[in-house]
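Residue 480 is where the sequence shown starts when you use the numbering used here, and the numbers rise one by one after that. A quick write-up on the structure given underneath.
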Amino acid sequence: MAERRYRALLFANWEFPQDPAELQTLHGPPTDVTLLREALTDPDLGLHLPTEVDVMENANRAEMHMRLEDFLMSGRGDEQLLVYYSGHGKRTLAMDLRFCARDTDTKRLSATSLSAREVDQLLESSPAGAKVLILDCCFAGSFRTKGRQDLSDSFPGRGFGLLAGTQRGTPAPDADLPGEPSPFTRYLVEALRGGAADSDGDGFVSFDDVYNYVFERTRGPVRPSRDFQGTGVLKLARSRARPGGATGRAESAAPRGAALNVQAAATLVLESLRHERAGQHWAAREPLRRVADGEPGDWGALAALRLAALSLADDDQQAATDALSRVVAAGHPQWSPEAGYRLGLCLSRVGDEPGAERALRTALGYDHPHWSPLAAWALAGMLRGRGNVEAALRCYRQAVSSPGPPAVAAALEFGDFLVQEGNLQVARSVYRRAALAGDPDLSHVAVQRLRALLSRLGCHTAAAGVPNTEAGTR
């Protein structure tokens with residue numbers, strides 16, 4: 480059987496100067512098409528060669544139609560062709576779906592936009608063995624196809640697959656900010672770059688695997704939809720773990736977790752930094768993920784720690800937890816204490832208190848001058864909430880044992896806890912230590928609490944004699 484060839488044509492339209500009132504400029508498409516192209520051509524997981532993925536940006540209606548027709552009509556029986564559109568989708572009064580182009584005018588929608596019927600006819604006429612259409616636009620789920628006939632089973636995965644970012648009649652959300660992908664394409668790219676499970680264990684991520692990944696992560700009224708007419712399984716990417724450890728680009732490659740040398744790791748980290756500086760967090764995360772997977776030493780730990788930070792910034796708690804767990808397991812004296820502390824906070828937020836306590840105690844055990852006191856402080860609050868007073872007191876004492884703002888903030892909380900427990904003399908000592916720390920933001924608060932405590936103890940003269948700190952006289 481001949482080797483399957485994979486080609487793709489990606490459309491991204493975000494500027495609509497002919498009708499700016501009705502067709503607002505979109506944030507997502509320029510980032511959508513960049514990230515999808517990178518995912519399709521990923522050297523480890525992608526099925527497409529870079530020369531086999533074409534991109535058209537802000538094309539007019541005629542350009543879109545001609546390029547799409549040329550692309551689909553050039554297909555062969557041993558090829559899988561993928562077409563992607565990110566932009567505005569509109570419907571006519573007859574409820575026909577239209578894809579907006581740079582020259583689209585909604586007052587002349589039929590004449591200035593590409594119709595779903597035209598696209599479907601071209602797909603139907605294409606001699607390619609398999610076709611995949613992915614739509615990230617409003618009303619994408621309204622795309623309807625003709626029944627495909629004469630689908631030979633001579634090549635596995637033959638037919639047509641539609642993956643739409645919405646159900647029928649539903650608008651699709653744009654990216655929140657420039658430089659970010661739309662929600663649907665974000666999860667699509669994640670699925671292609673190792674997120675989706677290889678459900679049948681054949682070493683590839685299928686059309687259904689990708690759909691299931693995206694569907695499980697979308698929430699609210701906007702959910703993806705799909706349609707498949709054909710035989711076998713459409714492959715969209717390689718999976719991270721492939722059976723037999725085979726390598727090579729023809730339907731297999733070096734696993735994503737393959738060992739990286741120092742130069743390769745450094746190159747990927749620099750690539751991530753470039754994306755991050757451009758405000759493209761989603762693009763920045765993938766190179767870091769590859770280093771974390773493929774480099775077990777310091778580079779891998781550092782990449783995982785940075786990956787966790789970007790994941791937290793994107794509110795991706797699961798990805799952050801996975802990355803932080805790697806750093807904790809690495810046992811690095813500088814980075815593992817920080818990872819343990821941050822992992823403890825992540826797990827606590829999702830209600831995994833046993834896991835949070837283990838992570839915080841790991842960070843505490845390193846005796847790191849900054850992260851261990853922070854871990855002790857967080858652990859003290861957790862134990863206090865459980866009513867474990869003695870253990871909480873021990874952790875508070877560890878938290879205030881080192882200099883710096885975290886210790887002062889912990890001392891204020893520790894002092895309040897002691898007052899609540901009736902241990903006023905020890906609270907007096909703790910407040911006094913915080914007052915003398917000279918912290919520009921918190922020491923004056925400690926002065927106020929110390930004065931209030933001394934007055935409560937009847938030491939009015941002593942309370943009046945507590946000196947102001949520099950912070951307290953601003």
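All residues carry an ideal CB built from backbone N, CA and C; glycine is no exception.
Other residues of its chain near residue i: CB distance less than 6 Å, five sequence neighbours each side excluded
i	result
F634	Residue placement at F634 cannot be trusted, given a pLDDT of 38 that sits under 50; what the coordinates show is reported in the next sentence. If we look at F634 and ignore the five residues flanking it on each side, its Cβ neighbours are G608.
G554	L560, S605, P606, A607
G507	D653, A654, P660, S661
L519	A487, G525, H527, V532
W814	A780, L784, V806
G626	In this prediction, G626 has a pLDDT of 44, which is less than 50 and means its spatial position is unreliable; what the coordinates show is noted afterwards. Within the same chain, G626 has no close Cβ partners at all.
T585	D498, E501
D793	H760
G556	G608
L843	S851, A854, A855
Sheet register partners of residue i (DSSP bridge)
i	result
S704	A643
P592	The question names Pro, but residue 592 in the sequence shown is Ser. In DSSP, S592 forms a bridge with C579.
Y564	F490, L614
K714	S685
Q559	Y485, A609
R570	L576
G709	G638
Option nearest residue i by Cα separation, candidates the options
i	options	result
W954	Y666, R555, R821	Residue 954 lies beyond the range of the chain shown here (480 to 953); nothing can be said about it.
L824	A855, Q813, H811, P606	A855
V598	R555, A541, R769, R821	A541
Q877	R840, G866, Q899, P499	R840
G709	R637, G758, E765	R637
P650	E836, A676, H527, C616	C616
A757	M861, L853, L656	L656
A808	A771, A763, S934, P852	A771
G566	L588, Q742, P509	P509
A716	A743, Y692, L671, G680	L671
R862	G844, D846, F896, A931	The residue asked about is misnamed: residue 862 is Leu in this sequence, not Arg. The shortest Cα separation from L862 among G844, D846, F896, A931 belongs to F896.
Q742	D688, Y563, G711, W778	W778
P529	H544, T513, P700	T513
Y827	A857, S851, P812, L843	Contrary to the premise, residue 827 reads as Ser rather than Tyr in this sequence. When each option's Cα is compared against that of S827, the closest is A857.
E864	P499, E832, V905	Contrary to the premise, residue 864 reads as Gly rather than Glu in this sequence. Comparing Cα-Cα distances from G864 to each of P499, E832, V905, the minimum goes to E832.
D523	G773, P700, D794	G773
L898	A888, S880, L933	Sequence check: residue 898 is Val here, not Leu. Taking only the C-alpha atoms, the option nearest V898 is L933.
H754	V562, S685, G658, A500	G658
L547	K610, V562, G834, A888	V562
P700	R647, Y690, R768	R647
Y485	D795, Y564, H847, E558	E558
L601	A931, L614, S908, M552	M552
A888	G866, P852, R907, V905	P852
G776	D795, A590, D582, A744	A744
8 Å CB neighbourhood of residue i in its chain, flanking five on each side removed
i	result
A729	Residue placement at A729 cannot be trusted, given a pLDDT of 36 that sits under 50; what the coordinates show is reported in the next sentence. If we look at A729 and ignore the five residues flanking it on each side, its Cβ neighbours are E482.
T504	W493, E494, F495
Y692	Y666, E669, A670, G674, A675, A676
V456	This structure leaves residue 456 out entirely; the chain is present only between 480 and 953.
Cut-off 7 Å between Cβ atoms - residues of its own chain near residue i, not counting five sequence neighbours on either side
i	result
R516	L489, V532, V534
A799	A787, S790, L791, C825
V868	E900
A859	A871, C874, Y875, A878
L936	L903
E750	P766
L588	K569, T571, R577
P812	Y845
R911	L929
A619	G568, A643, G644, T645, A651
A763	S751, H754, E755, L789
K610	L560, L602, F639
D511	A491, S565, D615, P660, S661, T664
F622	L576, A595, L614, L641, A643
Minimum Cβ-Cβ distance from residue i to chain C less than 8 Å
i	result
W761	In summary, chain C is missing from the structure at hand, where a single protein chain is found.
Practice task
Count the C-beta pairs between the stretch 562-578 and the stretch 588-596 that are closer than 8 Å, then say yes if the count reaches three, no if not.
Solution key: Below 8 Å, enough C-beta pairs join the stretch 562-578 and the stretch 588-596 to call them touching: three or more.
Problem - Three-pair Cβ contact test at 8 Å for the stretch 487-497 versus the stretch 520-538 - result: Touching, yes.
Practice task
Mind the definition here: the stretch 639-651 touches the stretch 697-708 only if three or more C-beta pairs lie below 8 Å; say whether that holds.
Solution key: A contact exists between the stretch 639-651 and the stretch 697-708.
Exercise for the section: Decide if the stretch 802-819 is in contact with the stretch 766-783; the criterion is three or more beta carbon pairs, one per stretch, under 8 Å apart. Expected result: Flag = yes, the stretch 802-819 and the stretch 766-783 touch.
Exercise for the section: Take every Cβ of the stretch 656-676, pair it with every Cβ of the stretch 688-698, and state whether three or more of those distances are shorter than 8 Å. Expected result: By the Cβ rule, the stretch 656-676 counts as touching the stretch 688-698, because three or more pairs are nearer than 8 Å.
Practice task
Would you check if the stretch 805-822 and the stretch 837-852 touch, i.e. whether three or more CB-CB distances between them fall below 8 Å?
Solution key: In short, these stretches touch, since the Cβ pair count reaches three.
Practice task
Would you list, in sequence order, the uninterrupted alpha helix (DSSP H) runs of no fewer than 4 residues that lie entirely inside the stretch 507-541?
Solution key: For the stretch 507-541, the full-length alpha helix (DSSP H) segments reaching 4 residues or more read 507-519 along the chain.
Problem - Complete runs of the alpha helix (DSSP H) confined to the stretch 785-829 [at least 4 residues] - result: Whole alpha helix (DSSP H) segments, 4+ residues: 796-809, 814-828.
Exercise for the section: Return the chain-ordered ranges of every beta strand (DSSP E) run that is complete within the stretch 835-862 and spans a minimum of 3 residues. Expected result: Those beta strand (DSSP E) runs which fall completely within the stretch 835-862 and span 3+ residues do not exist here.
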